[in-house]
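S.K.:
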Amino acid sequence: MNLPSFTTLSALLLASEVALALAKRSKVPGGGTDRSTLPLLWLVICASIFAGFFLRAALPQGSLPHPKLFYVAGLILLILGLTIRWIAIIHLGRFFTVNVAIAQDHKLITTGPYRYVRHPSYTGTLLIFLGFGLCMLNIYSLAALFLPIAAAFLWRMHVEETALAEAFGDRYRDYTARTRRVIPFLY
């Protein structure tokens, strides 16, 4: 396993998310309708990363077979996830915020990656952590990294969809009826 590239990629991922969190916080008066999902996400992500590293060291019997194959697959998923996430963020433009908030002149975006799934940024993030988990080369680390983070993002999606349904009414409900949540054609 090439730990320097994994470490470098991890540091770049963390740096990009911290920069995004600092730059794209909502300016909506009252802070929006986040319901504390942003601090919850950060807590779960940090705890999951710590648990992933701990479990890799503590439970070596969970090592995945064919380490090069899983490592390369993990890197591919991580890079694919980063690409999808940033395409989604760029496509949303000024309507993207790291906390759940609806701006006064907010528009419902249903084009670009949003034509395939309602939450492409979260699709990308989940792929990032699935890839990150595979790069750990340990089944317990993979589970610790992916499952709690996926659960936290499912809660976040619920909060976000409630806010969007309140803001856009039937237009948003029609969009949810024809567009999957995070996995095209499946979920």
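Numbering (our numbering), first residue to last: 1165 to 1351. We put the beta carbon where it would ideally sit given N, CA and C, even for glycine. Remember, it's a predicted structure, so these values are computed and weren't measured experimentally.
Mind checking which residues open and close the alpha helix (DSSP H) that includes Y1278?
M.R.: Segment: none, Y1278 is in no alpha helix (DSSP H) and carries neither H nor E.
S.K.: Using beta-carbon positions only, say whether F1259 and I1253 come within less than 8 angstroms of one another.
M.R.: no
S.K.: Where does S1180 land, buried or exposed, given buried means 16+ other C-beta within 10 angstroms?
M.R.: exposed
S.K.: How about L1301 and S1227: do their beta carbons lie closer than 8 angstroms?
M.R.: yes
S.K.: Quick check on the DSSP output: the alpha helix (DSSP H) that includes F1332 runs from which residue to which?
M.R.: 1303-1332
S.K.: Please go through the same chain and pick out, in chain order, the residues whose beta-carbon is closer than 7 angstroms to the beta-carbon of G1194, but skip the five residues on each side of it.
M.R.: Any reading at G1194 needs caution, since the residue's pLDDT is 48, under 50, leaving its predicted position unreliable; the model's value is listed next. Hits under 7 angstroms: none found.
S.K.: Is R1344 helix, strand or coil when you go by DSSP?
M.R.: strand
S.K.: Can you tell me which of the three DSSP states G1194 falls into?
M.R.: Its pLDDT being 48, under 50, G1194 is placed unreliably by the model, and the measurement read from it follows with that caveat. Helix at G1194.
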